[in-house]
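In the UniProt record's numbering, the protein residues as written are 1 to 437.
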Amino acid sequence: MLLLQKPLPSFTGSLVLLVQHKACKLKNHGRFGSDTKFSGDGYFQKHLKSGRRHFSKSRGPFVSCSLVPSTSELSDARVIYCVAPAMGHNQESHPESNFRVPAIVSALEKMELSPMFRGSEILELHSFSPASVEDIVSVHTKAYVSGLEKSMDQASQKGIIYIDGSGPTYATATTFQESLLAAGAGITLVDSVVAASKSSQDPPMGFALIRPPGHHAIPKGPMGFCVFGNVAIAARYAQRVHGLKRVFIIDFDVHHGNGTNDAFYDDPDIFFLSTHQDGSYPGTGKIDEVGHGSGEGATLNLPLPGGSGDIAMRTVFDEVIVPSAQRFKPDIILVSAGYDGHVLDPLASLQFTTGTYYMLASNIKQLAKDLCGGRCVFFLEGGYNLSSLSYSVADSFRAFLGEPSLASEFDDPAILYEEPSTKVKQAIQKVKHLHSL
Ligand SMILES: [Zn+2]
1 MLLLQKPLPS FTGSLVLLVQ HKACKLKNHG RFGSDTKFSG DGYFQKHLKS
51 GRRHFSKSRG PFVSCSLVPS TSELSDARVI YCVAPAMGHN QESHPESNFR
101 VPAIVSALEK MELSPMFRGS EILELHSFSP ASVEDIVSVH TKAYVSGLEK
151 SMDQASQKGI IYIDGSGPTY ATATTFQESL LAAGAGITLV DSVVAASKSS
201 QDPPMGFALI RPPGHHAIPK GPMGFCVFGN VAIAARYAQR VHGLKRVFII
251 DFDVHHGNGT NDAFYDDPDI FFLSTHQDGS YPGTGKIDEV GHGSGEGATL
301 NLPLPGGSGD IAMRTVFDEV IVPSAQRFKP DIILVSAGYD GHVLDPLASL
351 QFTTGTYYML ASNIKQLAKD LCGGRCVFFL EGGYNLSSLS YSVADSFRAF
401 LGEPSLASEF DDPAILYEEP STKVKQAIQK VKHLHSL
């Protein structure tokens with residue numbers, strides 16, 4: 001019996017999701033075996049029938065998505081988003097729950113930030129394809145993808161499966177298909193902002209409201225609530241399909257995006273910049289992890305001390321993110337947008353506020369406008385307090401629209417304590433020195 005049923009650990013510990021399957025015949029901590037046979041054929045016809053969204057046959061690896069909105073729809077839109085809530089991928093009381101995306105959608109409605117209230121200014125894409133297996137294997141091994149797909153039968157029989165490792169994450173009968181859909185949403189948004197940028201200097205900002213998240217998933221397997229590396233897959237897709245050679249990825253989730261880091265560690269054309277809480281899961285992303293070989297210098301990791309907040313992140317943006325991006329000269333900016341750095345988030349201890357996320361959204365939009373024709377897509381990663389998550393995303397939408405922040409309605413300055421400014425300054429100085437910024 002390879003499936004280990006374990007209780008969910010406390011979330012301060014490491015949470016490696018490692019799906020084991022009979023076909024994998026592996027015991028080396030969940031790495032998938034190369035003896036699994038790769039086969040994605042016929043999957044979609046069999047499985048993708050439910051849900052309110054229309055699914056078409058998965059796109060081929062070199063075919064641009066045909067589901068992007070029309071030029072006139074794109075020219076009116078200021079924000080374009082997809083919703084892939086993975087309602088079947090859920091475990092009761094798990095923080096990475098299927099309440100997360102609906103909570104965001106509900107906040108958008110409540111704050112009148114949906115198409116119903118804004119007409120063509122805010123566009124939701126309803127018809128988007130799941131990513132193809134070919135898209136996924138641009139980042140992950142075929143053995144992993146195949147193993148996960150095959151494990152769905154077992155998950156279907158058992159309802160939920162857990163994987164061994166330093167902590168279990170779950171998979172249910174729909175995990176594979178819903179993870180493909182999450183990655184596909186990101187890809188479709190890339191298609192849309194690229195299409196819009198051909199006729200406008202100010203294309204809409206994209207936001208993939210998706211789960212499961214992706215930035216911990218490593219090439220050979222899932223990890224830390226993450227199944228497929230949505231942002232990494234979109235980066236490879238942007239290069240391959242749209243010829244956007246240079247991709248700048250900003251990851252402001254409170255945890256290190258180790259999966260994205262690993263996928264591009266030796267790649268000079270994809271710059272990965274991660275800010276995260278020092279010492280948090282999974283423990284990688286030290287300041288001296290700067291890339292390897294020809295990719296040396298194209299990975300920037302900035303661990304921030306616990307308690308860092310709005311002041312720290314504004315300084316990081318101005319002194320680290322902006323000069324790094326200016327020097328790199330990207331063709332598109334992709335963002336791993338995690339909201340678990342919020343002061344109210346239960347999984348970490350930074351002190352970001354709704355206002356911090358508004359600032360990041362607004363500044364990143366401007367950065368994309370200045371450097372890469374406004375091409376930019378946000379991807380939802382973490383964020384486990386449903387209230388701070390949903391209002392922070394909603395205020396990010398307001399930033400994209402160029403409207404004032406409503407953060408003062410949600411943030412309570414009384415709960416904040418003094419930021420560790422000396423330690424923050426030291427970290428920033430060190431990273432600037434290491435990267436000659
Ligand atoms: Zn996180």
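Beta carbons are placed, not taken as given, at the ideal position from N, Cα and C, and that holds for glycine.
These figures come from a predicted structure and were not determined experimentally.
Residue burial is scored here from C-beta neighbours: Q326 has fewer than 16 other C-beta atoms within 10 angstroms and is therefore classed as exposed.
Using a cutoff of 6 Å, the CB of D269 does not count as near ligand 1, since none of the ligand's heavy atoms is closer than that. G373 has its CB no nearer than 6 Å to any heavy atom of ligand 1.
Classified as buried, E419 has 16 or more neighbouring CB atoms from the shown chains inside 10 Å of its CB. In the structure shown, H256 adopts coil according to DSSP, grouped into three states. Under the Cβ criterion (8 Å, minimum of three pairs), the region 174-187 does not count as touching the region 100-111.
Per DSSP, reduced to three states, the secondary structure at A238 is helical. One thing to note: A407 has its Cβ within 7 Å of the Cβ of D395.
With 16 or more neighbouring CB atoms inside 10 Å of its own CB, T353 falls in the buried class.
Segment contact: the region 337-356 against the region 283-291, fewer than three CB-CB distances shorter than 8 Å; contact not assigned. Environment of ligand 1, chain-ordered: D253, V254, H255, G338, D340, E381 and G382, taking every residue with Cβ within less than 6 Å of a heavy atom. Take N363, set aside five residues on each side of it, and the residues of its chain with a beta-carbon closer than 7 Å to its own are F317, in chain order. Per DSSP, reduced to three states, the secondary structure at A77 is coil, with no helix or strand assignment. A direct Cα-Cα distance of roughly 6 Å separates Q277 from V254.
For the 7 Å CB-CB criterion, A103 and L300 do not form a contact. Bridge partners of P303 according to DSSP: H276.
Straight-line spacing of the CA atoms in G147 and Q91 works out to 21 Å.
In chain order, F248, A298 and F328 place their CB closer than 6 Å to the CB of F271, counting only its own chain and leaving out the 5 sequence neighbours on each side. Excluding residues up to 5 positions away in sequence, V145 lie with their Cβ nearer than 7 Å to the Cβ of V137 in the same chain. Taken through DSSP and simplified to helix, strand or coil, L125 comes out as strand.
G259 sits away from H292, with the two beta carbons spaced by 7 Å or more. Boundaries around S390 are those of the alpha helix (DSSP H), L386 to L401, since no beta strand (DSSP E) includes it.
For S324, the enclosing alpha helix (DSSP H) stretches over residues V322 to F328. Two segments are said to touch when three or more pairs of C-beta atoms, one from each, lie closer than 8 Å; by this definition the region 305-312 does not touch the region 219-239.
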